[in-house]
Amino acid sequence: MSKLKTITRRTFLIGSTAIAGGVAFGAYMYKRDPLNPLTANLKEGEAAITPYVKIDASGITLITPRTDLGQGTYSMQAMLIAEELDVELDQIKVDPGMPDPAYYNTALSDEGAPFRPTDDSFAAESTRSFVDAAMKFLGLQITGGSTSVPDSYEKLRQAGAVARETLKAAASQQSGVSIDRLKTEKGMVQLPDGASLSYVELAPIAATIEPIKDIELRSPNQWRLIGKKVLRHDIIAKSTGTLPYGIDFEAEGMVYAAVKINPRQGGAMNSYDATEAEKMRGVQKIIPLKNGIAVIADNTWRAFKAANAVTFDWGQAPYPAEMDAHWQTLSDSFTPDLQDSRTRDDGEIDNVFAEGPPDFEADYRAPYVAHQPLEPLSAIAKITDERADIWTGTQIPGFVRSNVAKATGLTEEQVFVHVLYVGGSFGHRLEDDVVKQAVEIAKSIKGTPIKLTYSREEDFAHDYPRQIAMARAKGKVKNGKVDSFDLSIAMPSVIASQMGRQNFPVPGPDPAILAGAWEQPYAIPNYRTTGYRAPELAPISSWRSVGASSNGFFHDCALDELIHAAGADPLEERIRLMWHEPSRKVLEAVGEMSNWGSDLGENRGRGVAFCLSFGTAVAEVIEVTNTENGIKIDNVYVAAEVGKVIDPINFDNLVKGGVIWGLGHAMNCQITYADGMAQQSNFHDHEGMRLYQCPNIEVRALENGVKVRGIGEPPVPPAAPALANAIFAATGKRIREMPFNKHIDFV
Numbered sequence: 001m002s003k004l005k006t007i008t009r010r011t012f013l014i015g016s017t018a019i020a021g022g023v024a025f026g027a028y029m030y031k032r033d034p035l036n037p038l039t040a041n042l043k044e045g046e047a048a049i050t051p052y053v054k055i056d057a058s059g060i061t062l063i064t065p066r067t068d069l070g071q072g073t074y075s076m077q078a079m080l081i082a083e084e085l086d087v088e089l090d091q092i093k094v095d096p097g098m099p100d101p102a103y104y105n106t107a108l109s110d111e112g113a114p115f116r117p118t119d120d121s122f123a124a125e126s127t128r129s130f131v132d133a134a135m136k137f138l139g140l141q142i143t144g145g146s147t148s149v150p151d152s153y154e155k156l157r158q159a160g161a162v163a164r165e166t167l168k169a170a171a172s173q174q175s176g177v178s179i180d181r182l183k184t185e186k187g188m189v190q191l192p193d194g195a196s197l198s199y200v201e202l203a204p205i206a207a208t209i210e211p212i213k214d215i216e217l218r219s220p221n222q223w224r225l226i227g228k229k230v231l232r233h234d235i236i237a238k239s240t241g242t243l244p245y246g247i248d249f250e251a252e253g254m255v256y257a258a259v260k261i262n263p264r265q266g267g268a269m270n271s272y273d274a275t276e277a278e279k280m281r282g283v284q285k286i287i288p289l290k291n292g293i294a295v296i297a298d299n300t301w302r303a304f305k306a307a308n309a310v311t312f313d314w315g316q317a318p319y320p321a322e323m324d325a326h327w328q329t330l331s332d333s334f335t336p337d338l339q340d341s342r343t344r345d346d347g348e349i350d351n352v353f354a355e356g357p358p359d360f361e362a363d364y365r366a367p368y369v370a371h372q373p374l375e376p377l378s379a380i381a382k383i384t385d386e387r388a389d390i391w392t393g394t395q396i397p398g399f400v401r402s403n404v405a406k407a408t409g410l411t412e413e414q415v416f417v418h419v420l421y422v423g424g425s426f427g428h429r430l431e432d433d434v435v436k437q438a439v440e441i442a443k444s445i446k447g448t449p450i451k452l453t454y455s456r457e458e459d460f461a462h463d464y465p466r467q468i469a470m471a472r473a474k475g476k477v478k479n480g481k482v483d484s485f486d487l488s489i490a491m492p493s494v495i496a497s498q499m500g501r502q503n504f505p506v507p508g509p510d511p512a513i514l515a516g517a518w519e520q521p522y523a524i525p526n527y528r529t530t531g532y533r534a535p536e537l538a539p540i541s542s543w544r545s546v547g548a549s550s551n552g553f554f555h556d557c558a559l560d561e562l563i564h565a566a567g568a569d570p571l572e573e574r575i576r577l578m579w580h581e582p583s584r585k586v587l588e589a590v591g592e593m594s595n596w597g598s599d600l601g602e603n604r605g606r607g608v609a610f611c612l613s614f615g616t617a618v619a620e621v622i623e624v625t626n627t628e629n630g631i632k633i634d635n636v637y638v639a640a641e642v643g644k645v646i647d648p649i650n651f652d653n654l655v656k657g658g659v660i661w662g663l664g665h666a667m668n669c670q671i672t673y674a675d676g677m678a679q680q681s682n683f684h685d686h687e688g689m690r691l692y693q694c695p696n697i698e699v700r701a702l703e704n705g706v707k708v709r710g711i712g713e714p715p716v717p718p719a720a721p722a723l724a725n726a727i728f729a730a731t732g733k734r735i736r737e738m739p740f741n742k743h744i745d746f747v
């Protein structure tokens, strides 16, 4: 068993707070007491909900501050707390709670520090701790970057353990039985004589006791939930269609709204004519917004129809109007004055290329792509002079609260952000435009809740898509082995675009420009990665796996071409070059799973790809058939190293979903601009993988790593290069540009 003080490089302080009829337990980082996160504006009989464990007369509530975007985060967080608290999942309620700095994301420091995730040196760990302190100071409560599991793994178990031991102390005080003779099970403290005391009845006593901090966490051989196949907390509701998503939420007396904003993003609205819209049934009000208008009506459909009836004189886009200029900007960005970073420069690569021309040289391109979650964006806002209430699905509740406070003139303590279930995001809900617009509309009818819903077309027009990117690669081989690899990548800055909309400057190089490329653990003798920050083009945002979503394609396809130039086996050469043992085991595992090297037969091909992203090593092998009508994807094999699997069923589903997501977008999807406007407006012209195209997917989890890692995003980057490499194996054709359907058909 692990003592609290020994399980992490950082020190935790655990606290409890008396609430109405019960007790709440929280876990806070570092030795300094944080500001009390308990809210002050509670109604009679209500309890504050910022700590992680709340027990009162209504039962047991677990606070799960990482947003559930469909990936099972609420269930995972509940499992971690319940494991140590000794309760069953069906005994508890989950609640995301109100945003608070105490819930800052402790795992973001790993991505923010300029060290490879495979670097566990003192300097690397010290820098991560320094970055973590900055994250704490800023109170960044963010869901993203596959950090929910790494962030929650230790501190939520600790919160549960402290609650458990303090409740035992309360039972000891009430019963007179020493703590060492007490046991806990299913929300009860068991006494030696067979009697039991419920957590609910013990909560008022526990609130008066100094929390028990000298705790022992359960060892893995004692786990009832972690690593076991359990019924996900939300699965019954989702399977029966009864789970309320953000778009389902209704507030008493609310009205409905739709917006029409300049489709040339950031362009002005010169004028508009709402004469026809004002006459339409159900329309209550039309108000101007920044760069557009809002329609308030008695239902969403009528608001949509009226918004489409308004005519506009739109201003021009602040970025190039046509796609050719976007690509030309990238091509012109490989210059010394636009170099953003050179995070890897091993060996003597300039001297190697000075000796003679490269054995391989190629350019690669990745387009803008939309987020397109199935659930449309929506938000409900109710504004009064005393408070603001926001109901929405968001990954950034802290930013939402701050921005609403600024827009309304209220204090942050007067802003209440109610985080709702999300039907998909893929990074889309790291933006809060829909909330800002809802607040602007609600301010015009104070005291009345307004529900703003985006039409699918408005969502596509105003999505902040994945970055457009271009790469230039060259390399040399020696004695049948890869000897030199030089990869340059140009893209606009994701972090500058995204955080700029939050008025949150982030100094220094943008790590997304080389993410998924520079940190690959290959021991190539001469190895260089250089990032170039292209000028701002269309506004962009984080998309599932961010920079790695395109860089994994660039890096691995270029490496595959270099390996073929050497005449080596694609899998064997990757394994030979791999110095990081957990990553090498991932490659070996996927080779075993796919029976690599066996004869596939005529017109078939097999490709392999590897990418280390967000600290998680993932290797994928894809098998395809070259039919008369196009490429058919037959099988996908995936091995991933995550250190510890919390929920094996959910792990399997997340990996498979990531593969399908990555393949569908590589095959078919792009956002292109004409006259400054996105040409794609709905799923029909930004089409993912179809059901009949979905291959058989086999998944294997490895647990050899020291750190616990996330799995939501890492399966995406290897999918596109594995497919491209398989297509080459089957057809002899190299595809260096996404989407692949520009060059080949799929069946």
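In terms of this note's numbering, the sequence shown has 313 at position 313, counting the first letter as 1, and numbering is strictly consecutive. We put the CB at the ideal spot given by N, CA and C, even for glycine.
In the structure shown, what three-state DSSP assignment does residue i receive?
i: ALA471; result: strand
i: TYR104; result: coil
i: TYR52; result: coil
i: THR627; result: strand
i: THR166; result: helix
i: TRP579; result: coil
i: CYS611; result: strand
i: ALA729; result: helix
i: TYR245; result: strand
i: GLU641; result: strand
i: TYR673; result: strand
i: SER341; result: strand
i: GLU322; result: coil
i: GLY547; result: helix
Residue j and residue i - do their beta-carbons sit closer together than 8 Å?
i: ARG736; j: ASP359; result: no
i: VAL645; j: VAL699; result: no
i: ARG66; j: SER152; result: yes
i: ALA726; j: GLY662; result: no
i: GLY246; j: GLY393; result: yes
i: ALA169; j: ILE215; result: no
i: ALA24; j: VAL53; result: yes
i: GLY664; j: GLY688; result: yes
i: PRO320; j: LEU108; result: no
i: ILE495; j: ASP510; result: yes
i: GLY552; j: ILE513; result: no
i: GLY597; j: GLY480; result: no
i: PRO373; j: SER425; result: yes
i: ARG181; j: LEU85; result: no
Here's a check: name, in chain order, each residue in its chain whose Cβ is nearer than 7 Å to the Cβ of residue i, leaving out the five neighbours to either side.
i: GLU278; result: ILE286
i: ALA729; result: GLY605, ARG606 and GLY607
i: TRP521; result: Correcting the residue type first, residue 521 is Pro in the shown sequence and not Trp. Hits under 7 Å: THR118, MET578, TRP579, HIS580, SER583 and LEU612.
i: ILE660; result: MET689 and CYS694
Check the C-beta distance from residue i over to residue j and give it rounded, since I have them as a contact under 8 Å.
i: ARG456; j: ASN682; result: 5 Å
i: ARG466; j: TRP543; result: 3 Å
i: ILE226; j: GLU83; result: 5 Å
i: THR453; j: PRO376; result: 6 Å
i: ALA489; j: GLY531; result: The sequence shown places Ile at residue 489, not Ala. Right, their Cβ atoms sit about 6 Å apart.
i: VAL642; j: ILE697; result: Not quite, the Cβ-Cβ distance comes to about 17 Å (not below 8 Å), so this is no contact.
i: VAL636; j: PRO695; result: 5 Å
i: VAL369; j: ILE671; result: 6 Å
i: SER763; j: PRO714; result: This structure gives no information on residue 763, because the portion of the chain shown stretches from 1 to 747.
Apart from the five residues on each side of it in sequence, which residues of its chain come closer than 6 Å, Cβ to Cβ, to residue i?
i: ASP120; result: none
i: ASP346; result: TYR527
i: GLY315; result: GLY267, ALA268 and ASN270
i: THR311; result: ASP273
i: LYS474; result: PRO358, GLU361 and ASP486
Near residue i, what residues of its chain come up, given a Cβ to Cβ distance below 8 Å and the 5 sequence neighbours on each side ignored?
i: ASN299; result: TYR256 and GLY282
i: ALA407; result: LYS436, VAL439, GLU440 and LYS443
**Asked** Taking the runs of the beta strand (DSSP E) that are 3 residues or longer, which of them lie wholly in the segment 252–320?
**Response** 255–261, 269–273, 283–289, 292–297 and 311–314
**Ordered list of beta strand (DSSP E) runs contained in the segment 401–456, each at least 3 residues** = 415–419 and 450–453
**Prompt:** Fully enclosed by the segment 457–542, which beta strand (DSSP E) runs are 3 residues long or longer?
**Reply:** 469–478, 481–491 and 526–533
**Message:** Extract the residue ranges of the beta strand (DSSP E) inside the segment 363–392, only unbroken runs of 3 or more that lie entirely within it.
**Reply:** Listed in chain order, they are 378–383 and 388–392.
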